[in-house]
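As you go down the protein sequences, you meet chains U and G in turn. With the numbering used here as the guide, the letters of the first sequence map in order to residues 1 to 228. With the numbering used here as the guide, the letters of the second sequence map in order to residues 1 to 352. No residue lacks a Cβ here, since even glycine has one placed at the ideal position from N, Cα and C. From a predicted model like this one, the values you see are computed outputs, not experimental measurements.
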Amino acid sequence: MSQIVLTTTWFFPNVNWDNIWNATKETLYMTSVSLLLTFIFGIMLGLILFLTDRGNLWENKIIQGVTAAFVNVFRSIPFIILIVLLIPFTTFIVGSMFGPSAALPSLVIGAAPFYARMVQIALREIDKGVIEASKSMGASNMQIIFKVLLPESMPALISAITVTAIALVGFTAMAGVIGAGGLGDLAFRHGFQRSNNEVTFVATVVVLLIVFIMQIIGDRLTNILDKR
Amino acid sequence: MISLSKLVKTFQTRDGQVTAVDHIDLKIDKGEIFGVIGYSGAGKSTLIRLLNMLETPSSGDVVVAGKNMNKLKKKELREARQEIGMIFQHFNLLWSRTVRENIAFPLEIKGVPKEERMKKVDELIRLVGLDGRGESYPSQLSGGQKQRVGIARALANNPKVLLCDEATSALDPKTTDSILDLLVDINEKLGLTIVLITHEMHVIRKICHRVAVMENGTIVEQGNVLDVFRRPQQEMTKEFVKQVTEPEETKEAIKHLFEQDGISHVLQLTFVGGEAEKPLITNLIRSFNITVNIMQGKISQTQNGSYGSLFISVDGELSEIERAIEFIHKQKVEVEVIHSESNRLNHDLVLS
């Protein structure tokens, strides 16, 4: 019974709410998992970019050059092309090229370099004097990274991950087109290909809701963390 | 406690090599407050950073508390640095941490257990006078309070040496004095050796025992603060000494007074050391038949005695004034006739 009540309603009679709900879950799954991985890999990449830069703790031209090249290349490839390009890699890692999980590698590889650049900018904003003070106290490089660099740049890291998260929602919609599922897939197949404008509209509203909620959470977190 | 020998630091810049520190030899004793003064670009910031290897020397040796800093391995250097506290012009606190957490930071680095850490932090908060502000964030503190946190943080690991990098240059005069008082207090209470660099002679005057004057990467003059005040050798030193002993307008103001009627002779008395406390003026009036009028004066306290100058106008028989001047000389107070109606007095002074 409840299934029928959920499936069709009087206000969008042509919308199957089960489909919407499933697509939303898929989008949320792809976004949250890829976001978490992007956060981790992005910070790692960003730290390498920052620390190997001139005058910094791990100054190293070669590693700096290689990392910067990697970041620039993957940040520049249009996402829709990146997914296609990565199909062999995805099949190798996930075992399939369809479904929400199959979208994850390309989502992370597309978003992490983007986030890494923002991490690098956030780390550069840290007062050099604070790093100097930590050195003068005898801190090791690891202590400087985990007790100084990351905590001191956390508000900037969080607001940057918010921006990245919103970009990721957009990426998941594109991933949907090649069979990853989610709201983008729904809007494309049911909305566009079957000319069901109501589905397109509802999918858009749900995507917007997700984006707004993420933005609000990000802003809140940034405010709480920022003691400046 | 600290000894530098043939210390050199050169930087490679686009415009060629710059020698920031040029063959400096220096010894700083245990428990003393040693000041380095110089204008910006003199190399004093580089010098103080060479003491804890924030800058690595191009050549020469740095020995602090018996350890040859430039020969230590990475890990040994980190341990050695824990025995050298440092405070900064811009405080360099972690804004993401509360006052307590900031002070606990060096203890965390050293790996002190939490309970012990908290005890030590409480102690330090009391020592620097920040009771009740432990849970505040640096952004909620005034400049003086931030520097107090900086000092507490620098003292957390019971260092043997405290380095102060322009520690009061960003503070207003009143706050500067309270921070300087705190440093003297710490120096006396804990027997800590303090090295400070500054461009303000006021700071040197107020708390240092010995001073070195830096210019173009070398030390051009050094000695007891009082001696340097008494007999500055270099032009630069004289400029610095003037900052605190003579208000700029003094000579102008006095000159203006010369024009007034009834002022016949003006003497400048320069006090160095303990003499400033003796009742010289009283003795002058009692022993000689002259009138004395104090026009302007400034006496400064240094860590090893008072220093200052006093402008007085005297009136009376010329021979009586001459005897009075001789008397002042005998009190080990330097005297200079800066204005006189009679040429004789000026001549006499040149002779004596």
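Query: Using CA atoms only, rank isn't needed, just tell me which of G/Leu162, G/Leu318, G/Leu77, G/Leu163 is closest to U/Ala139.; Result: G/Leu77
Query: Where do the N-terminal and C-terminal ends of the beta strand (DSSP E) with G/Glu341 fall, by residue?; Result: Where G/Glu341 is concerned, there is no enclosing beta strand (DSSP E), given that its DSSP letter is neither H nor E.
Query: List, from N- to C-terminal side, the alpha helix (DSSP H) runs of 4 residues or more that fit wholly inside the region 9 to 76 of chain G.; Result: 44 to 51
Query: Could you tell me which uninterrupted beta strand (DSSP E) segments, each at least 3 residues in length, are contained entirely in the region 190 to 252 of chain G, listed from first to last along the chain?; Result: 193 to 198, 210 to 215, 218 to 224
Query: In its own chain, which residues sit with a C-beta less than 6 Å from the C-beta of G/Ile2, not counting the 5 before and 5 after it?; Result: Ile28, Val64
Query: Check whether the region 129 to 137 of chain U touches the region 40 to 59 of chain G, counting contact only when three or more Cβ pairs, one atom from each stretch, lie closer than 8 Å.; Result: yes
Query: Taking G/Arg81 as the query, report the chain U residues whose CB atoms sit under 9 Å from its CB, ordered along the chain.; Result: Lys135, Ser136, Met137, Gly138, Ala139
Query: Measuring straight from C-alpha to C-alpha, what distance separates G/Glu341 and G/Leu226?; Result: 33 Å
Query: Using beta-carbon positions only, say whether G/Ile294 and G/Asp315 come within less than 8 Å of one another.; Result: no
Query: What do you reckon, are the CB atoms on G/Thr193 and G/Lys160 nearer than 8 Å?; Result: yes
Query: On the DSSP letters alone, give me the boundaries of the alpha helix (DSSP H) that U/Ile126 sits inside.; Result: Counting along the chain, U/Ile126 falls outside any alpha helix (DSSP H), and DSSP gives it neither H nor E.
Query: Which residues in chain G sit within 7 Å of U/Pro113, going by Cβ to Cβ distance?; Result: By Cβ distance, chain G contributes nothing, its closest Cβ being about 26 Å from U/Pro113, past 7 Å.
Query: In three-state DSSP terms, what is G/Val266?; Result: strand
Query: Between U/Glu244 and chain G, is there a C-beta pair that is closer than 8 Å?; Result: Residue 244 of chain U is absent from the model: chain U starts at 1 and stops at 228.
Query: Compare the C-beta of U/Ile142 with all C-beta atoms of chain G and state if any pair is closer than 8 Å.; Result: Note on identity: in this sequence residue 142 of chain U is Met, with Ile being the wrong assignment. No - not a single Cβ of chain G is within 8 Å of the one on U/Met142.
Query: Could you check whether the Cβ of G/Met86 sits closer than 8 Å to any Cβ belonging to chain U?; Result: yes
Query: Would you check if there are 3 or more beta carbon pairs closer than 8 Å linking the region 34 to 41 of chain U to the region 157 to 176 of chain U?; Result: yes
Query: In the DSSP assignment, the alpha helix (DSSP H) including G/Gly150 goes from what residue to what residue?; Result: 143 to 155
Query: Which residues in the same chain as U/Thr204 place their Cβ atom closer than 6 Å to its Cβ, once the five residues preceding and following it in sequence are excluded?; Result: none
Query: Give the list of continuous beta strand (DSSP E) stretches no shorter than 3 residues that lie fully inside the region 69 to 99 of chain U.; Result: none
Query: In the structure shown, what three-state DSSP assignment does G/Leu162 receive?; Result: strand
Query: By the three-class DSSP mapping on this structure, what secondary structure does U/Asn14 have?; Result: coil
Query: If you draw a straight line from the alpha carbon of G/Asp15 to that of G/Gly41, how long is it in whole angstroms?; Result: 16 Å
Query: Using a Cβ cut-off of 8 Å, which residues of the region 148 to 160 of chain U contact any Cβ in chain G, in chain order?; Result: Val148, Pro151, Glu152, Met154
Query: Determine, using beta carbons only, whether U/Val130 comes closer than 8 Å to chain G.; Result: yes
Query: Taking 8 Å as the threshold, find out whether the region 147 to 158 of chain U comes into contact with the region 111 to 131 of chain U through three or more Cβ pairs.; Result: yes
Query: Could you please give the first and the last residue of the uninterrupted beta strand (DSSP E) stretch that includes G/Gly85?; Result: 84 to 88
Query: Looking at the C-beta of U/Arg228, does it have a partner C-beta in chain G at a distance below 8 Å?; Result: yes
Query: Is any beta-carbon of chain U found at less than 8 Å from that of G/Ser58?; Result: no
Query: Is U/Ser140 helix, strand or coil when you go by DSSP?; Result: coil
Query: Between G/Thr270, G/Val333, G/Arg148, G/Ile24, which lies nearest to G/Thr46 when the distance is taken from Cα to Cα?; Result: G/Ile24
Query: Assign G/Lys120 to buried or exposed, taking buried as 16 or more other Cβ atoms, counted over all protein chains shown, within 10 Å of its Cβ.; Result: buried
Query: If you drop the 5 nearest sequence neighbours on each side, which residues of the same chain put their C-beta closer than 6 Å to that of G/Thr270?; Result: Ser309, Glu334
Query: In chain U, which residues lie less than 9 Å from G/Ile109 when you measure between Cβ atoms?; Result: Ser134, Met137, Gly138, Ala139, Ser140, Gln143, Lys147
Query: Under 8 Å between the Cβ atoms of G/Gln244 and G/Gly38?; Result: Contrary to the premise, residue 244 of chain G reads as Val rather than Gln in this sequence. No, these two residues do not count as a Cβ contact at 8 Å.
Query: Which class does U/Tyr29 belong to by DSSP, given the choice of helix, strand or coil?; Result: helix
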